[in-house]
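Worksheet for the structure shown next.
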Amino acid sequence: MNHIVLIHPAIPQNTGNIMRTCVATNTHLHIIKPMGFSLDDKHMKRAGLDYIKDLKLTIYEDWEEFEAKNPGHYHFYTRYSNQTYSEANYTQEGDHYLLFGHEHDGIPHDILRAHLDECVRIPMYADSRSLNLSNTVAIGIYECLRQQDFPDLVRHEVQKGEHFLTEESDTKRY
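When the letters of the sequence shown are read in order and numbered with the working numbering, they come out as residues 44 to 217.
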């Protein structure tokens, strides 16, 4: 199974968007405290829409609790790595944890130092400081899923039907 891990998230809208991504990709979300907002925050709920009710979510008091309860393959997304996210192997047996840090400070450096071989980065233009956290999570989880051949994800339109664009009908409104 794939997992998204947010270490000390600060911006509720980012977390709400990440919740939607987790539901859409059947990915378990883990949040490690402290958080810069309450899970009842209206901005987070608005960004998460009605997807939140289907979310698999676990909250941890600290890094040590998370690490003790979650063995598997860790992939730390950080600007301090020379390995790109697409070079990482997400196909090994077992759980894969994609870890992302606080929007302003990233993942604590002591955690990164203990896992240097598991760090990856998303290449960016040199004059750019960073990508939005929810965009970074989406890039990471979809690369993971691509390497796994999109397990359990639907490859056709479900809401309006697989052949929606190719069927002729006088009753369809666009």
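Beta carbons are placed, not taken as given, at the ideal position from N, Cα and C, and that holds for glycine.
How many Å lie between residue i and residue j at the Cα?
| i | j | result |
| --- | --- | --- |
| H139 | I54 | 24 Å |
| T58 | L174 | 15 Å |
| G115 | G137 | 6 Å |
| V197 | N113 | 28 Å |
| I75 | T101 | 9 Å |
| E146 | I184 | 18 Å |
| T127 | D160 | 12 Å |
| P52 | A169 | 25 Å |
| D105 | E210 | 53 Å |
| T64 | P151 | 24 Å |
| G204 | E107 | 46 Å |
| H118 | A131 | 8 Å |
| A157 | Y94 | 35 Å |
| K85 | H73 | 20 Å |
| Y103 | D97 | 19 Å |
| H46 | F207 | 33 Å |
| L141 | R172 | 21 Å |
| V201 | Q135 | 30 Å |
| F193 | G79 | 32 Å |
| D83 | L155 | 30 Å |
| M44 | I182 | 17 Å |
As a quick exercise: from the options, pick the residue whose alpha carbon is nearest that of residue i.
| i | options | result |
| --- | --- | --- |
| V66 | K99, E130, K76 | K99 |
| G149 | L49, T134, N45 | L49 |
| F109 | P77, I182, L82 | P77 |
| Y133 | V201, Q202, Q191 | Q191 |
| T179 | L155, G144, F193 | G144 |
Apart from the five residues just before and just after residue i, which ones in its own chain have a Cβ nearer than 6 Å to its Cβ?
| i | result |
| --- | --- |
| N69 | D195 |
| S177 | N57, N60, I61 |
Between residue i and the rest of its own chain, which residues show a CB-CB distance below 8 Å, the 5 nearest in sequence each way excluded?
| i | result |
| --- | --- |
| S129 | E186 |
| G199 | Per the sequence presented here, residue 199 reads as His, with Gly not at that position. The answer, listed in chain order, is E205. |
| A111 | none |
| H71 | M44, N45, H46, I47, C65, K99, L100, T101 |
Spatial neighbours of residue i within its chain, please: CB distance less than 7 Å, with the 5 preceding and 5 following residues excluded, ordered by chain position.
| i | result |
| --- | --- |
| D153 | none |
| R189 | none |
Three Cβ pairs or more, each shorter than 8 Å: is that satisfied between the segment 118-136 and the segment 159-176?
yes
Entirely within the segment 79-150 and at least 4 residues each: give me those alpha helix (DSSP H) ranges in chain order.
85-91, 106-112
4 or more residues per run - each alpha helix (DSSP H) lying fully within the segment 168-211
176-190
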